[in-house]
């Protein structure tokens, strides 16, 4: 006997005793109702139902009637069959999101109960003690997280997934796979945010060597000796904040836990095994769906983003190296000789300090102050359409 049935039987026994006292005028109607824990009106209804049907008339009729809203049995069976045949191993929340995208109207609880009743998904374990989370930033654009995760996203292939997200809303602004996380991938993620939303206030990341120089392993970062990425953030006026433990990056760590569960299953579902196709799927389907499901409203109204005005983003989000021009009007950079073409500003640049920019696609450029002198292919050959190089 379940709890509801037990309460029903107890009420029947208690009611008969109280009604006997009421019939003998030893209790008023108000006192009898109070002893049953009901109102006077409900007590009168109980008496009428008892007179019509005896003790069985006191039973809650809702317990013996089929709900008009109950789903048909074949709908529940079809749901379970779909899970078994197409989505086996998916967690209930992931499956329910796809069920809704395909027009399903039942609640998450109903879907979970049907799958658990059919024993195709396990019942969840009891959660541990609640721990207070760090408060989110009040406005979008006040703090941006970036992190990477190396994982076997498709069978036999390990890629790095780079995610750039907002601390206030959990919105993912950029997601893409790359062979290896590094300076170029970090620039690419930040560039996506800058072009889509504008300048943000601060940047939060781990202490990876492309973000920070750390003199002692596990120690404090060197905020004066900047990496190429740190120099670019300083140039843009964006504050960099280092995280000193995985727990400190809890928000992005939880997001990666979801991605490692869902993305692997979705890429397998569509038979995607190549990085280009996987990145296309991320942009066109996964990222919009993830934001629609997991994005939260910011704690306060407004925005921490500011417009990006007249900034040469490509020449900021790149490597910059200082070199001195040789006697032959050439610059040597990583065993590549770059010859500076003639121009109208000066005859030559011998012994002049210039700046070499190396972009994420490995192409190069030489600058003298704010002026670009030439663009080069990764192998050092000058790009077409420029003045001929000086002999």
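In the numbering used here, the protein residues as written are 1 to 391.
Backbone N, C-alpha and C fix where the C-beta goes; we use that ideal spot for every residue, glycine too.
Predicted, not measured: the structure shown is a model, and the values here were computed from it.
Three-state class that DSSP yields for residue i in the structure shown
| i | result |
| --- | --- |
| residue 368 | strand |
| residue 189 | helix |
| residue 209 | coil |
| residue 112 | helix |
| residue 24 | coil |
| residue 120 | coil |
| residue 152 | strand |
| residue 77 | helix |
| residue 390 | Per-residue confidence for residue 390 stands at a pLDDT of 41, beneath the threshold of 50, marking its modelled position as unreliable; the derived number appears in the next sentence. In this structure, residue 390 counts as coil in the three-state DSSP scheme. |
| residue 93 | helix |
| residue 245 | coil |
| residue 144 | strand |
| residue 203 | strand |
| residue 87 | coil |
| residue 374 | strand |
| residue 382 | strand |
Per-residue burial, residue i [other beta carbons within 10 Å of its own, 16 or more giving buried]
| i | result |
| --- | --- |
| residue 174 | buried |
| residue 147 | buried |
| residue 241 | exposed |
| residue 328 | exposed |
| residue 20 | exposed |
| residue 391 | Low confidence applies to residue 391: its pLDDT is 37, below 50, so where it sits in the model is not reliable, and the reading given next is rough at best. So residue 391 counts as exposed. |
| residue 16 | exposed |
| residue 362 | exposed |
| residue 388 | With a pLDDT of 49 at residue 388, under the threshold of 50, the modelled position of this residue cannot be trusted, and the question is left open. |
| residue 318 | buried |
| residue 137 | buried |
| residue 301 | exposed |
| residue 399 | Nothing in the structure corresponds to residue 399, since the chain is present only between 1 and 391. |
| residue 267 | buried |
| residue 122 | exposed |
| residue 181 | buried |
Supposed close pair residue i, residue j - CB separation, criterion 8 Å
| i | j | result |
| --- | --- | --- |
| residue 360 | residue 184 | 4 Å |
| residue 178 | residue 162 | 6 Å |
| residue 54 | residue 265 | Not really, about 57 Å apart at Cβ, beyond 8 Å. |
| residue 171 | residue 295 | 5 Å |
| residue 194 | residue 313 | 6 Å |
| residue 187 | residue 305 | Contact doesn't hold; Cβ gap of about 19 Å is too wide. |
The beta strand (DSSP E) enclosing residue i, as first and last residue numbers
| i | result |
| --- | --- |
| residue 125 | No beta strand (DSSP E) holds residue 125; DSSP gives it neither H nor E. |
| residue 157 | 157–166 |
Residue i - containing alpha helix (DSSP H), residue span
| i | result |
| --- | --- |
| residue 179 | Careful: residue 179 lies outside any alpha helix (DSSP H) and carries neither H nor E. |
| residue 30 | 29–36 |
| residue 239 | Taken as a continuous stretch (DSSP letters only), residue 239 belongs to no alpha helix (DSSP H), being part of the beta strand (DSSP E) at 239–242. |
| residue 269 | 250–269 |
| residue 47 | 40–53 |
| residue 279 | 275–281 |
| residue 229 | 228–236 |
Contact test: residue i Cβ vs the ligand ZN heavy atom, cutoff 6 Å
| i | result |
| --- | --- |
| residue 291 | For the ligand ZN, the structure offers nothing, since it holds no ligand at all. |
7 Å Cβ cutoff, residue i in contact with chain B
| i | result |
| --- | --- |
| residue 53 | Within the model displayed, chain B is absent; a lone protein chain is all it includes. |
Please go through the stretch 291–363 and give each complete beta strand (DSSP E) segment of 3 or more residues, from N-terminal end onward.
-> 319–324, 330–333, 336–339, 353–358
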